[in-house]
Every structure is written in C-alpha cells, then in structure tokens.
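First comes the structure, then the notes that go with it.
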Amino acid sequence: PAVSRAVAEATDLVGYGLYLDLLGPAAEGKALHSSELSEEEARARKALDLSAEGKQVALVCSGDPGVYALATLVVELIDRENDARWNRIAVTIEPGVSALQAAAARAGAPLGHDFCAVSLSDLLTPWEVIEKRLTAAAEGDFVMALYNPVSKRRRWQLEKARDILLAHRPPNTPVILARNLGRDCETIQIIDLKDLTADLVDMLTLVMIGSSDTRAITRGTRRWVYTPRGYAGKMQKQETGT
C-alpha cells in the first residue's frame, strides 16, 4: 500500500522504460521520465533534480529499491555531491519484495536457513571479487541467490559459479530458476545444480541454489524446494528428553 500510495501521489515518475510500462493505469496522468537500463545514475540524478524543483517524484525500480537497485545510488549521490538543493529533499525509501523473496515463496521455503545474495554482473564489481565471494559462500554452505546471472554479452560467469558450487555441494542440489517474477509470463523451474547452464536463463531470471541441506520433494502434482531450519532435530530432542 505504501508503494502504491507513493506512485499515486507522484506528479513525476522516473524509471527504466519497461518498469514504467509495468505500472499500467497507475502511470496515467503522470509526467514520465524514462531511460535505458544502463542509465542508472542518470535516472537517480533526474529524480533528485525534479524533487529539488518541487515536484513529487517516484523513482521506480523492480523488486526492493535497496537490493541491487537505486536506493543506494540516490543516497550515494547525496553523499558524494553534497548539493545544497538535494540535501533539502525529503527522501523516503519504500520497501518492496525482492526477487529472492518472490522466488522463494513460489518454490516453497528454500530460505528457511542461512542464505546470501551475489550479483554476477562484473560491470561495477571486478570478477575477481565476485569469485572470492562465491567461493566463501560456497564454503559456508549458504543457500545462494544469484542476481544478474547473464546478459547479452556476459554468459560464462554463471557456469563458472556453478563449478565453484559443485566443488562444495552435491550435483543434485536443487536449483530454482525464477523468470519474470510477478508478471503474467512468470515461470518457475527446478533443476539439479549439475544441469545448470547459461542457456537456461536470461536477464530476467533469478537463480537460487540450495545448500547441502536443501531438498526438492514432490507431493501430488506440486514440486517443492525447502531448506530445513532444524526443527526436526529440536522436536526429536524434546521427545527423547535429551
């Protein structure tokens, strides 16, 4: 409701064109300021400038604005530029549903125990740093959500990440491929880690890889993925009195 209210009260909407289109009727009557996907800083600056002019602005992004999105860039620009006009703006960051949360809900309960998120995009982060984080998370046996798994020009990183994980967990570890989450063409696919290839995903796919404890089960016509929290062991101790 808070996000819907912010959009409804805005005079100006700033965002990537696809995201503005997804607003549908909610964008009617608003001044729209769209830009290309790679123009994140331009969008953030535009939103700040319009706000400084007295406009009621909503900067639209997908998922949660604080998770691999534009909230951090807005705050960073305010910090870096120290612009007197921007410093007077009342910035409100409304939480959303991140792709990892939506994917988990669709597939079952894979985030029942410790988890982490890693972006495979090396546009802003060197691959050496990404690989180091992947290795640490794999050794720590976290459930892992991979954002930005591939792009039109970047394909090999996903399979490299798969190989890193295969060194630390079974080849039949469940993997969730969640594509177009929240849209009419949404799809959820569950595969084994050993079968993960770049050809199975696109830019709109969230890849979630289970830990060594994560299980995939089939009940009736439904397939579920879950990661035990440890309640079974707790209940067993209570029953045995140990």
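Under my numbering, the first residue of the sequence shown carries the number 104, and numbering increases by one thereafter. From the three backbone atoms N, C-alpha and C, an ideal C-beta is built for every residue, glycine too.
Comparing alpha-carbon positions, which option in the options lies nearest residue i?
i      : options                           : result
Ile196 : Leu214, Leu173, Leu223 and Ile312 : Leu173
Lys133 : Arg183, Ala161 and Ile291         : Ala161
In whole angstroms, what is the alpha-carbon distance linking residue i and residue j?
i      : j      : result
Arg108 : Arg282 : 27 angstroms
Ala319 : Asp302 : 22 angstroms
Asp186 : Pro274 : 52 angstroms
Thr330 : Gly157 : 48 angstroms
Ala207 : His271 : 22 angstroms
Leu123 : Leu214 : 30 angstroms
Val221 : Ala193 : 31 angstroms
Leu309 : Val110 : 26 angstroms
Leu203 : Arg188 : 36 angstroms
Pro198 : Asp287 : 22 angstroms
If I'm right that residue i touches residue j with Cβ under 8 angstroms, what's the distance once you round it to whole angstroms?
i      : j      : result
Pro252 : Leu227 : Not really, about 16 angstroms apart at Cβ, beyond 8 angstroms.
Leu261 : Leu296 : No, Leu261 and Leu296 are not in contact; Cβ-Cβ is about 12 angstroms, not under 8 angstroms.
Thr317 : Thr276 : 6 angstroms
Gly166 : Val328 : Actually they do not touch by this definition, with Cβ atoms about 20 angstroms apart.
Val178 : Leu151 : Not a contact, Cβ separation roughly 11 angstroms.
In the DSSP assignment, find the unbroken beta strand (DSSP E) run with residue i in it and report its ends.
i      : result
Gln292 : Thr290 to Asp295
Ala130 : From DSSP, Ala130 is part of no beta strand (DSSP E); its letter is neither H nor E.
Ser222 : Phe218 to Ser222
Thr321 : Arg318 to Arg322
Which residues mark the beginning and the end of the alpha helix (DSSP H) in which residue i is found?
i      : result
Arg209 : Ala202 to Ala210
Asp266 : Trp259 to Leu269
Asp115 : Here Asp115 belongs to no alpha helix (DSSP H); instead the beta strand (DSSP E) covers Asp115 to Tyr119.
Ignore the nearest five residues each way along the sequence and tell me which others in residue i's own chain have a CB closer than 6 angstroms to its CB.
i      : result
Cys164 : Ala172 and Leu173
Ser137 : Gly120 and Leu123
Please go through the same chain and pick out, in chain order, the residues whose beta-carbon is closer than 8 angstroms to the beta-carbon of residue i, but skip the five residues on each side of it.
i      : result
Ile267 : Glu234, Leu237, Thr238 and Ala241
Lys255 : Met306
Spatial neighbours of residue i within its chain, please: CB distance less than 7 angstroms, with the 5 preceding and 5 following residues excluded, ordered by chain position.
i      : result
Arg265 : Leu296 and Leu299
Check whether the Cβ of residue i lies closer than 8 angstroms to any Cβ atom in chain B.
i      : result
Glu112 : No chain B appears in this structure, which consists of one protein chain only.
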